[in-house]
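Count along the sequence shown from 1, add 73, and you get the number used in my numbering.
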Amino acid sequence: MTVSEVRRAAPGAQEEQHFDAAIVGAGFAGMYMLHRLRNAGFRVRVFETGDGVGGTWYWNRYPGARCDVESMEYSYGFSEELQQEWEWTERYSGQPEILRYANHVADRFDLRRDIAFNTRVTSARFDEEAKRWRIETDKGDVVSAQFCIMATGCLSSANLPDFPGRDSFAGDTYHTGRWPHEPVDFTGKRVGIIGTGSSAIQAIPVIAAQAKHLTVFQRTPNYSIPARNEPLDPNRVAEIKADYAGLRERNYRMPAGFGSMMPSNDGTALEDDAEVRRSNYEERWERGGFTFLGAYADLLSNREANETAAGFVRERIREIVGDPKTAELLSPDNVIGCKRPCLDTNYFETYNRDNVTLVNVRDNPVERITPKGVVTDGQEYELDSLIFATGFDAMTGALLNIDVRGRGGQTLDDKWSAGPRTYLGLSTVGFPNMFMISGPGSPSVLTNMITSIEQHVVWIHDCLEYLREKRLATIEATPPAEDDWVDHVNAVADLTLYPTCNSWYLGKNIPGKPQVFMPLIGFPPYVEKCDAVAAGGYEGFELDSAP
Ligand code: FAD
Ligand code: N01
């Protein structure tokens, strides 16, 4: 398509390589994007900070890490052979198995030869004259590519809050999203964990079973539904595999791109009398998983309806947790589901153990970290190990960690100073030929992310083929299309209860981050819109022919 031979720059300077597309990140998004574009004859280079594939599953190796979308669904659907040959062992597979799967995919499709590992992209600049991206890495690579595809992940930039004295702690410290590759043994140790989000809720029961003592520092209690994880029944697997394509297709029509195995109820919560409602919640609670929130169609749009589900979970917490004060502290008072709901195995039960202490840091925040431990409310909790389960600078963090500059040298940071602005979550005005996989403004984190990733990869692939066929040099979203899209994303969110919590969906977990609801709610209408845009010759984009 374009010049793609290696060219040597001035003597002494780095060799500059030319590609059709540079992809940043080798998680599930970058891996599939590479496969798809390479098969279509594009010359592609992937850059990955880590020394292996898998992204999320490469970095998040904390005890208890596993998926919360069932494995038969949380896996690629693009290759019938792949989905037939891979054997998941559990309903929700653990991190080691998911990472093995990512490595299997890399081997099966011979992906590694086009991935530069241990290589972080530091800058990406659009050269307006050449109509190409110039990409630089921390290894000194300088690469020119017609297209720059950001597969940097929504949850890949770890958030390590700036607690006073944070680095003075004398024991070992960990972040769940940057866990060591060697096994960590907490036997005989006094362990502290800050945070009670999905990561902590998975890790706490496992660490408590090993450590001498576990102190949990909780700012906001979270709703959590039992995962009811179990080994997969071979008959059930065979049944799914007999029509895997059918399951993928049914899931594609679901609001979050998964869950057709136990569909949501179309009815509204307040239509049912209390007894019927309770038995509905009970059935879904016993089944486990996200289907709990599918109990009624209006749980995320009607506060009173939501309260019936929230109240049901609080009752379960009071039933499970022996000490009433601890149960009270563990009971959330916000809307259920407006933060990403957690799935657990024995989370609330863990607080009945003698070696677990829950400390409320909502009213009395962590004052400081000392060489010996954590101080809050004037009390020092002495620890041997301290875990930060403090989450991520979600959706924009990894993108803004790169010095991205578009037309006129404008930085992405500047462009997004009041929050991310995109068209379709795929593209942003002023940054031609740059695509984001599961970018802000797309359903991404509100879906089975592998489904969303596949949809974006196919769309980008089709778009690049179209440009090649028509001999077009650039594609760029137009300002009106972007403005309308941003308004649309906000308008959809405002019809729901999502914006009511201090969630990372809104950027509220990062001090100073602009507060904008970042993902788009609703997968099927989004797919329809993307398809219509492509079918209409890329409506809302300006296409420019080669010079
Ligand atoms: P990632 O997997 O995050 O990969 C991005 C990659 O880009 C990383 O490897 C990173 O090192 C690399 N990168 C970033 N910046 C640069 C740079 N500047 N230079 C070079 N490389 C860079 N989603 C679900 O749908 N279901 C689940 O069950 C689920 N479970 C999850 C569990 C955990 C613990 C976490 C943290 C997230 C989970 N998610 C889940 C979301 C998950 O992130 C996605 O499902 C999916 O793995 C994202 O893939 P990705 O390739 O887009 O991003
Ligand atoms: O991060 P989080 P996570 N002082 O942001 C607390 C996916 N995921 O890594 O709620 C004290 O949810 C913070 O408190 P608060 C999933 O999408 C999936 O757990 O802000 N506490 C919160 O309790 C998930 O949503 C799985 O008040 C501070 C915690 O740290 C996303 O990744 C597993 C603090 C952070 O929770 C992120 O989950 C794991 C401070 N200064 C992750 N700063 C599955 O189950 C933050 N906190 C598949």
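C-beta atoms are modelled at their ideal positions from N, C-alpha and C, and glycine is treated no differently.
Values in this document were obtained by computation on a predicted structure and should not be read as measured data.
(1) In angstroms with no decimal places, state the Cα-to-Cα distance between L579 and G268.
(2) Taking the continuous beta strand (DSSP E) assigned at P686, which residues delimit it?
(3) Work out the CA separation of T449 and T524 for me, nearest whole Å.
(4) Use the C-beta contact count for V502: other C-beta atoms within 10 angstroms, 16 or more gives buried, fewer gives exposed.
(5) Quick one: grab the DSSP three-state call for M106.
(6) Tell me the DSSP bridge mates of D265?
(7) Around the C-beta of K543, are 16 or more other C-beta atoms found within 10 angstroms, so that it is buried, or is it exposed?
(8) Could you name each continuous beta strand (DSSP E) segment of 3 residues or more that falls completely within the stretch 212 to 238, going from the start of the chain to the end?
(9) Locate the beta strand (DSSP E) running through H248, then write down its first and last residues.
(10) Going by the CB atoms, is the gap between R301 and G362 shorter than 9 Å?
(11) Taking the CB atoms as reference points, tell me whether N103 and A224 lie closer together than 9 Å.
(12) Counting along the chain, where does the beta strand (DSSP E) carrying W132 start and finish?
(13) Whole-angstrom Cβ separation of P688 and G514, contact assumed at under 8 Å?
(14) Let me confirm a value: A311 is counted as buried when at least 16 other C-beta atoms fall within 10 Å, else exposed. Which label applies?
(15) Following a CB-centred definition, is Y147 positioned closer than 8 Å to any heavy atom of the ligand FAD?
(16) What is the C-beta distance between R554 and G613, in whole angstroms, given that I count them as a contact (C-beta under 8 Å)?
(17) Taking 9 Å as the cut-off, decide whether the C-beta atoms of Q90 and S196 are in contact.
(18) Using DSSP with H/G/I as helix, E/B as strand and the rest coil, what is A197?
(19) Less than 9 Å between the beta carbons of I298 and V432, yes or no?
(20) Just to check, is the beta-carbon of S271 closer than 8 Å to a non-hydrogen atom of the ligand N01?
(21) With N428 and K262 assumed to form a contact (beta carbons below 8 Å), what rounded beta-carbon distance in angstroms separates them?
(22) Using 9 Å as the threshold, is the C-beta distance between T122 and R193 below it?
(23) Just verifying my parser: in three-state terms, what is the DSSP assignment at H254?
(24) Which class does I442 belong to by DSSP, given the choice of helix, strand or coil?
(25) Here's the rule: buried if 16 or more other CB atoms are within 10 angstroms of the residue's CB, otherwise exposed. What is L634?
(26) Could you tell me the alpha carbon to alpha carbon distance between A471 and S352, rounded to whole angstroms?
(27) So, under 8 Å CB-CB, W130 and I171 are touching, yes? Tell me the CB distance rounded to an integer number of Å.
(28) Near E153, which residues of its chain fall below 8 Å by C-beta distance, leaving aside the five closest residues on each side in sequence?
(29) Is W489 near the ligand N01, in the sense that its beta carbon is under 8 Å from a heavy atom of that ligand?
(30) The ligand SAM and I267: does the residue's C-beta get closer than 8 Å to at least one heavy atom of that ligand?
(31) What does the alpha-carbon distance come out to for the pair D436 and T573?
(32) For S618, report the span of its beta strand (DSSP E) as first-last.
(33) For the alpha helix (DSSP H) that I277 lies in, which residues bound it at each end?
(34) Is L403 helix, strand or coil when you go by DSSP?
Walking through what the data contain:
(1) Taking the sequence shown and counting its residues from 1, one reaches residue 579 at position 506. Taking the sequence shown and counting its residues from 1, one reaches residue 268 at position 195. Taking the straight line from one Cα to the other gives about 18 Å.
(2) Residue 686 lies beyond the stretch modelled for the chain, which goes from 74 to 620, so this question has no answer here.
(3) Numbered from its first residue, the sequence shown carries residue 524 at position 451. Numbered from its first residue, the sequence shown carries residue 449 at position 376. Straight-line Cα distance between these residues: approximately 42 Å.
(4) Stepping through the sequence shown from its first residue, residue 502 is reached at position 429. By the neighbour-count rule (16 or more Cβ atoms within 10 Å), V502 is buried.
(5) Stepping through the sequence shown from its first residue, residue 106 is reached at position 33. Helix, per DSSP.
(6) Reading the sequence shown from its first residue, position 192 is the one you call residue 265. Sequence inspection shows Gly at residue 265; the Asp mentioned does not correspond to that position. Paired residue(s): T288 and L459.
(7) The residue labelled residue 543 in the question sits at position 470 within the sequence shown. That one is exposed.
(8) 215 to 223
(9) Within the sequence shown, residue 248 is the residue found at index 175, counting from 1. Taken as a continuous stretch (DSSP letters only), the beta strand (DSSP E) holding H248 covers D245 to H248.
(10) Reading the sequence shown from its first residue, position 289 is the one you call residue 362. Reading the sequence shown from its first residue, position 228 is the one you call residue 301. Yes, these two residues count as a Cβ contact at 9 Å.
(11) By 1-based counting over the sequence shown, the position of residue 103 is 30. By 1-based counting over the sequence shown, the position of residue 224 is 151. The residue asked about is misnamed: residue 103 is Gly in this sequence, not Asn. Yes.
(12) Translated into the one-based positions of the sequence shown, residue 132 becomes position 59. Counting along the chain, W132 falls outside any beta strand (DSSP E), though it belongs to the alpha helix (DSSP H) covering T129 to W132.
(13) One cannot answer for residue 688 here, as it falls past the ends of the chain, which runs 74 to 620.
(14) As a working mapping, residue 311 is identified with position 238 in the sequence shown. Exposed.
(15) Counting from 1 along the sequence shown, the entry for residue 147 is found at position 74. Result yes, Cβ under 8 Å from the ligand FAD.
(16) As a working note, residue 554 is residue 481 in the sequence shown. As a working note, residue 613 is residue 540 in the sequence shown. One point to set straight first is that residue 554 is Ala, not Arg, in the sequence displayed. The pair is a contact, with the Cβ atoms about 3 Å apart (cut-off 8 Å).
(17) Counting from 1 along the sequence shown, the entry for residue 90 is found at position 17. Counting from 1 along the sequence shown, the entry for residue 196 is found at position 123. No.
(18) As a first step, residue 197 must be located in the sequence shown, where it is residue number 124. Looking at A197 - three-state DSSP - the assignment turns out to be strand.
(19) As a first step, residue 298 must be located in the sequence shown, where it is residue number 225. As a first step, residue 432 must be located in the sequence shown, where it is residue number 359. Their beta carbons are not under 9 Å apart, which means I298 does not touch V432 by this criterion.
(20) Position 198 of the sequence shown, counted from the first residue, corresponds to residue 271. Indeed, a heavy atom of the ligand N01 lies less than 8 Å from the Cβ.
(21) Mapped onto the sequence shown, residue 428 falls at position 355. Mapped onto the sequence shown, residue 262 falls at position 189. Not quite, the Cβ-Cβ distance comes to about 11 Å (not below 8 Å), so this is no contact.
(22) Here residue 122 corresponds to residue number 49 of the sequence shown, with the count starting at 1. Here residue 193 corresponds to residue number 120 of the sequence shown, with the count starting at 1. Yes. Within cutoff.
(23) Position 181 of the sequence shown, counted from the first residue, corresponds to residue 254. Coil at H254, not helix or strand.
(24) The sequence position of residue 442 within the sequence shown is 369, counting from 1. DSSP places I442 in strand when its eight states are reduced to three.
(25) Absent from the model: residue 634. The displayed extent of the chain is 74 to 620, so no value can be given.
(26) Taking the sequence shown and counting its residues from 1, one reaches residue 471 at position 398. Taking the sequence shown and counting its residues from 1, one reaches residue 352 at position 279. Approximately 43 Å, taken between the alpha carbons.
(27) Position 57 of the sequence shown, counted from the start, is the residue given in the question as residue 130. Position 98 of the sequence shown, counted from the start, is the residue given in the question as residue 171. Indeed, because the Cβ distance is near 4 Å, the residues count as touching under 8 Å.
(28) Counted from its first residue, the sequence shown places residue 153 at position 80. Correct list, in chain order: Y317 and A318.
(29) One-based indexing of the sequence shown puts residue 489 at position 416. No.
(30) Here the bound small molecules are the ligand FAD and the ligand N01; the ligand SAM is not part of this structure.
(31) On the sequence shown, residue 436 is found 363 positions in, with the first residue counted as 1. On the sequence shown, residue 573 is found 500 positions in, with the first residue counted as 1. Rounded to the nearest angstrom, the two C-alpha atoms are 20 Å apart.
(32) As a position in the sequence shown, residue 618 is number 545, starting the count at 1. Segment F614 to S618, the beta strand (DSSP E) holding S618.
(33) On the sequence shown, position 204 is the one that residue 277 refers to. Run containing I277: S271 to A281, per the alpha helix (DSSP H) assignment.
(34) Position 330 of the sequence shown, counted from the first residue, corresponds to residue 403. In this structure, L403 counts as helix in the three-state DSSP scheme.
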